[in-house]
Amino acid sequence: MKTAPLNIGVRTLFYMILAVFVVIQVYPIFWVIISSFKTQAEVMSSAPYSLPGSFYLGNYVSMLQNSQIPTYFMNSSIVAVLTLFFTIVIGAPAAFAIEKMKFGAGNQVLAFFLLGIMIPIFVTLLPMFQIYNALGLRNTFTSLILPQVGFNLPICIYLYSGFMRYVPNSLIESAHLDGAGSFKIFTSIILPMSKNTTITIITFNFIFIWNEFIFANTFMTSSSMKTLPLGLKDFVGLYGFTDWGATYAAITVTILPTLLIYFILNKSVIEGMAAGAVKS
Amino acid sequence: MTSNKRIEPWLFVLPALLVFLFTVIVPIIWSFTYSLYEWNGIGDKRFIGIDNYTRMLTDNVFITSFKNNLIFTGLGTVVQIVIGMTMAVILTSITKFRNFIKVIYFIPCVISSMAISQIFSKMLSINPEGVVNATLGAVGLDSLKAAFLSDPNLTLIIVTLVDAYKFCAIYMVIYYAAFLAISNDIIEASVIDGCNWWQQYIYMRFPLIKGIFFITVVMLVSGTLKGFDVPYILTNGGPGASSELVSTYMYKVAFNSVNYGYGSAIAVFLVIECLLIVTLIRKLISKVDVEA
Amino acid sequence: MKKMNKFFAILLCIGMLASIISACAGGNNNETTGASSNAQGGQQQEGGSDGPQPLKIHYLTSKLLSDGAVQTIMDLAEQYKQQVNPNFELEVESISDRPAYLQKIKILASANELPDWFDADPEPFFEGIAEKGLVVNIDDVYKEIGVTDKFFKVSIDYPRLDDGSLYLMTWNANAEYFWYNKELFEQAGVSAPTTFDEFLAISETLKSKGITPISVHGKDFWPLLRYMAFIPFRMEGNDYLDKLRKGEAKMADPAGMKAAEFIQKLGQNYFNEGWSNADYNTSLELFLSGKTAMYYIGTWQVKDMIDENMNLKENFGYFKMPQYSASDKTKVSDFFANSGIGTAIRQDAYNEEMKNFLQFLFDNYADTALYKYHVIPSVQPTIKDDLSQIYKDMLKDISEVETYTKVWDVRLDPETNESIGRESTNLALGLSTPEEFAKRMDDAIAQNAPKYFK
Numbered sequence: 001m002k003t004a005p006l007n008i009g010v011r012t013l014f015y016m017i018l019a020v021f022v023v024i025q026v027y028p029i030f031w032v033i034i035s036s037f038k039t040q041a042e043v044m045s046s047a048p049y050s051l052p053g054s055f056y057l058g059n060y061v062s063m064l065q066n067s068q069i070p071t072y073f074m075n076s077s078i079v080a081v082l083t084l085f086f087t088i089v090i091g092a093p094a095a096f097a098i099e100k101m102k103f104g105a106g107n108q109v110l111a112f113f114l115l116g117i118m119i120p121i122f123v124t125l126l127p128m129f130q131i132y133n134a135l136g137l138r139n140t141f142t143s144l145i146l147p148q149v150g151f152n153l154p155i156c157i158y159l160y161s162g163f164m165r166y167v168p169n170s171l172i173e174s175a176h177l178d179g180a181g182s183f184k185i186f187t188s189i190i191l192p193m194s195k196n197t198t199i200t201i202i203t204f205n206f207i208f209i210w211n212e213f214i215f216a217n218t219f220m221t222s223s224s225m226k227t228l229p230l231g232l233k234d235f236v237g238l239y240g241f242t243d244w245g246a247t248y249a250a251i252t253v254t255i256l257p258t259l260l261i262y263f264i265l266n267k268s269v270i271e272g273m274a275a276g277a278v279k280s
Numbered sequence: 001m002t003s004n005k006r007i008e009p010w011l012f013v014l015p016a017l018l019v020f021l022f023t024v025i026v027p028i029i030w031s032f033t034y035s036l037y038e039w040n041g042i043g044d045k046r047f048i049g050i051d052n053y054t055r056m057l058t059d060n061v062f063i064t065s066f067k068n069n070l071i072f073t074g075l076g077t078v079v080q081i082v083i084g085m086t087m088a089v090i091l092t093s094i095t096k097f098r099n100f101i102k103v104i105y106f107i108p109c110v111i112s113s114m115a116i117s118q119i120f121s122k123m124l125s126i127n128p129e130g131v132v133n134a135t136l137g138a139v140g141l142d143s144l145k146a147a148f149l150s151d152p153n154l155t156l157i158i159v160t161l162v163d164a165y166k167f168c169a170i171y172m173v174i175y176y177a178a179f180l181a182i183s184n185d186i187i188e189a190s191v192i193d194g195c196n197w198w199q200q201y202i203y204m205r206f207p208l209i210k211g212i213f214f215i216t217v218v219m220l221v222s223g224t225l226k227g228f229d230v231p232y233i234l235t236n237g238g239p240g241a242s243s244e245l246v247s248t249y250m251y252k253v254a255f256n257s258v259n260y261g262y263g264s265a266i267a268v269f270l271v272i273e274c275l276l277i278v279t280l281i282r283k284l285i286s287k288v289d290v291e292a
Numbered sequence: 001m002k003k004m005n006k007f008f009a010i011l012l013c014i015g016m017l018a019s020i021i022s023a024c025a026g027g028n029n030n031e032t033t034g035a036s037s038n039a040q041g042g043q044q045q046e047g048g049s050d051g052p053q054p055l056k057i058h059y060l061t062s063k064l065l066s067d068g069a070v071q072t073i074m075d076l077a078e079q080y081k082q083q084v085n086p087n088f089e090l091e092v093e094s095i096s097d098r099p100a101y102l103q104k105i106k107i108l109a110s111a112n113e114l115p116d117w118f119d120a121d122p123e124p125f126f127e128g129i130a131e132k133g134l135v136v137n138i139d140d141v142y143k144e145i146g147v148t149d150k151f152f153k154v155s156i157d158y159p160r161l162d163d164g165s166l167y168l169m170t171w172n173a174n175a176e177y178f179w180y181n182k183e184l185f186e187q188a189g190v191s192a193p194t195t196f197d198e199f200l201a202i203s204e205t206l207k208s209k210g211i212t213p214i215s216v217h218g219k220d221f222w223p224l225l226r227y228m229a230f231i232p233f234r235m236e237g238n239d240y241l242d243k244l245r246k247g248e249a250k251m252a253d254p255a256g257m258k259a260a261e262f263i264q265k266l267g268q269n270y271f272n273e274g275w276s277n278a279d280y281n282t283s284l285e286l287f288l289s290g291k292t293a294m295y296y297i298g299t300w301q302v303k304d305m306i307d308e309n310m311n312l313k314e315n316f317g318y319f320k321m322p323q324y325s326a327s328d329k330t331k332v333s334d335f336f337a338n339s340g341i342g343t344a345i346r347q348d349a350y351n352e353e354m355k356n357f358l359q360f361l362f363d364n365y366a367d368t369a370l371y372k373y374h375v376i377p378s379v380q381p382t383i384k385d386d387l388s389q390i391y392k393d394m395l396k397d398i399s400e401v402e403t404y405t406k407v408w409d410v411r412l413d414p415e416t417n418e419s420i421g422r423e424s425t426n427l428a429l430g431l432s433t434p435e436e437f438a439k440r441m442d443d444a445i446a447q448n449a450p451k452y453f454k
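Protein chains in written order, with the UniProt record's numbering: chain U, 1 to 280; chain H, 1 to 292; chain W, 1 to 454.
Encoded structure:
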């Protein structure tokens, strides 16, 4: 890509600005990770910005002994995978119908779904809470998956329909002539073509689902059902005031998997999130 | 055959429609009915009409939280756009480390608000001294040391900035992708026309990504109007009501004061507020768009 | 195309895997119940039908796990398991952040999911729970296991509801004192005050010597509300609060205004920096490490101020709630004494085996709590000769209290409570004037009280 040439001074300035911003963005995370290797004495007495004297793992040991972080991790994974799965399984066909099935009410249905993008989730907390109580659904994965699927559907349908709109109708018509039914066309032609959109939706939503806090805070009370953000909150509530080292270790453990996945998949995560917005 | 054709699309839409209705639309109506009652969750309900709504007008905590929310939204939107845009422009203009910087810069986006808030609460602490105050002390700026999270004049700004910190990289990436998507021909033509770097942005690049810019404004406004996690975790709306947002206040009314009726009324208000403000911005944008 | 199919196949697999896992997780629960009923069956086969029934108690507490009472209960539960019932288990879950704890209990109550045991104060929301018959009448339990007479008066009276009924077990007999750092007092040349005027005067002196006078934490609302309660209690006794909460007395009355001015003066001048966002441990640590001169806390925390022989460390001293004026309605020996937060038992969790455990617990509780964990128990302990002087004094103080100061955040209704927590912080930070504060509180009480106090 061609750009008008920049003189060296401006370029240096740019790199400096970048460096400052990058440091601001990364330092807090770097800081919590290095602090998790400090001994209790170092945490209390040394300057908080200093580096640990040695690679001390005691905080991790005490954190793992005192918490159920592995369970929380498992719970978060289950919720994330199932939520994404159901969002796509019911969102994609809806978008297909709206865009490609000569659907009289298509635009109205799409507009109806789009309303959901603006709805704050707080409005559903109390009614959901009552419904879940009545049905005995609190402290089940369903209680987290269901509302998140509901709230992720609009953006999912929006992105899919944005893509499918540009799939040539002739493609579908010729398939029809070959005798393929709508379902077949959808699963064997449209869905495979939408691969990039699917990846976008998965990465875009994964991060929000993984980090979701309010539903979990309201619906999950049993300690074996907590997700990571909630588990971290409880851990800090219990030990955060007394054992800072273990708290840093707990924070580190909750962010490391996300970071790991991110470093492996960063290309699709970043592009997915950008594409999600730009396409729309 | 024709009736089959007419039903078929509905079959495709139905599962999504049902889930959406059940989890999003029905609860709104449900909340609205709750909002007409006085109810504490374990006792009996009492119908009180619109009293819960008139109460908002005289509830100074609610009014404060509404004002705070507007500041949270306004400041948050501006900060994230400015930082996102600056970063995107610089990133487009440099040649080395582009991808590296993008990846690094994006990290806070993938970390939960819970972890971010916990990190900042430790960093900004005064007793024991957190990293910010310790650094200020170490470089001789003792006068700037403060109990950041206890100062009612600072807390709202801090929660706004922490929230912006977490999300601004998304906007950088969006603008950056938009700049890259601009066709090379246009840019090359401008270079031939003798445009310098700055003119290229003013006359070519900024106008060309206008559409995406407007979308991000809508995204940011609707996102920040619904802000909750950071103020709830970092300051719990305090001290006093200095960093209370409408959403955190609603949560407290519902689950601390166990006033389900009033809590629902605030929730309904939040829905209307979001719909109104976002529609308003859309209208404004399309007006600007048409004029331009 | 092929790639895409593969991608979906993988997605589908992950989805199915996850549902299997979640099904397993669900299945696990069943399995556990299955296992325990098996164990029960096994037990009956081995030990005959007389063997103790398995019992698992889930106890949700607002106290820290390191709290002396909690430690004692856990210790005795372990002993009970070893000596009496191998199938007994006590699972303690702690949420020490009080606002978060109260929020959770309210959520659980309206979800009908109260834990077997949970902590509560005798406040209006809990009264609602008791009225619905969801919790066990503790008077009956105490009678059944024959411990009623062994309790300190305050530990059995404080947790009673307005109508005199008792639904909360208690673990402590607490007295609350101002603790001070003798060294810092000497440095500033001040001594323990007996009146609130002196209290303010020594705070000023300390401050002028560069010493932070008072440690307080604002993350919980109750510490500030203690300061709020002092002057009205001295001026008018508990009458003022009893009337105020029903709207019969006003915050704008002299007692309320004096309290508001007092708090504002303290908050603006004498509290530790950043107090409004400080948590329990921070304020405690500040005092223990000698960074603040005074700290108001109850006897449950005294374990940090004593040496290995349970004597008060040399550097610390304490004094009781000062007097306000010569026309005070309450005596110096009347001050904040309470039982600490109580523990309720869910009605349908209560059974014969739990009663047996309670019998064991209360029979052994007092001495274990005092001599092993250094907290003053709710049940009167054996006073051994070598018990340290400070404990003897504290026990004496507790037994001498005639009128104990009622706690504001327990007496006020939940909505007013939320308001006063926020507004008193505003007041102490100087964000509102005492007049504005009084008006807001009176408005809040007028709005909320009729719902709770009929």
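Glycine included, every Cβ here is placed at the ideal spot set by N, Cα and C.
Consider the Cβ of residue i: report whether some Cβ of chain W lies at a distance smaller than 8 Å.
| i | result |
| --- | --- |
| F12(H) | no |
| I126(H) | yes |
| residue 336(U) | As shown, chain U starts at 1 and ends at 280. That puts residue 336(U) outside it, with no answer to give. |
| A147(H) | yes |
| T221(U) | yes |
| G237(U) | yes |
Tell me whether residue i sits in a helix, a strand or coil according to DSSP, three-state version.
| i | result |
| --- | --- |
| G128(W) | helix |
| E400(W) | helix |
| A120(W) | strand |
| R46(H) | strand |
| K451(W) | helix |
| L55(W) | strand |
| N238(W) | coil |
Check for me: the alpha helix (DSSP H) holding residue i runs from which residue to which?
| i | result |
| --- | --- |
| V89(U) | I69 to K100 |
| V342(W) | One point to set straight first is that residue 342(W) is Gly, not Val, in the sequence displayed. First-last for G342(W): G342 to I345, but that is the beta strand (DSSP E), not the alpha helix (DSSP H). |
Hey, how far is the Cα of residue i from the Cα of residue j?
| i | j | result |
| --- | --- | --- |
| Y132(U) | K56(W) | 26 Å |
| Y452(W) | L144(U) | 34 Å |
| I29(H) | N60(H) | 27 Å |
| E418(W) | E212(U) | 26 Å |
| P54(W) | I107(W) | 29 Å |
| L64(W) | K45(H) | 36 Å |
Excluding five sequence neighbours on each side, which residues of the same chain lie with their C-beta closer than 7 Å to the C-beta of residue i?
| i | result |
| --- | --- |
| V191(H) | none |
| I281(H) | V217, V218 and V221 |
Between which two residues does the beta strand (DSSP E) harbouring residue i extend?
| i | result |
| --- | --- |
| V92(W) | F88 to S94 |
| W300(W) | Premise fails: W300(W) is in no beta strand (DSSP E) and is neither H nor E. |
Which residues in the same chain as residue i place their Cβ atom closer than 8 Å to its Cβ, once the five residues preceding and following it in sequence are excluded?
| i | result |
| --- | --- |
| D304(W) | L284 and L288 |
| F196(W) | F230, I231, R234, F262, P322, Q323 and Y324 |
| F86(U) | I145 and V149 |
Does the beta carbon of residue i sit closer than 8 Å to a beta carbon anywhere in chain H?
| i | result |
| --- | --- |
| N181(W) | no |
| F287(W) | no |
| I264(U) | no |
Check whether chain A comes within 8 Å of residue i, counting only Cβ atoms and requiring the distance to be less than that.
| i | result |
| --- | --- |
| I202(U) | Here the protein chains are U, H and W, and chain A is not one of them. |
For residue i, collect the residues of the same chain with a Cβ closer than 6 Å to its Cβ; drop the 5 residues on either side in sequence, then sort them by chain order.
| i | result |
| --- | --- |
| A130(W) | Y167 |
| L161(H) | none |
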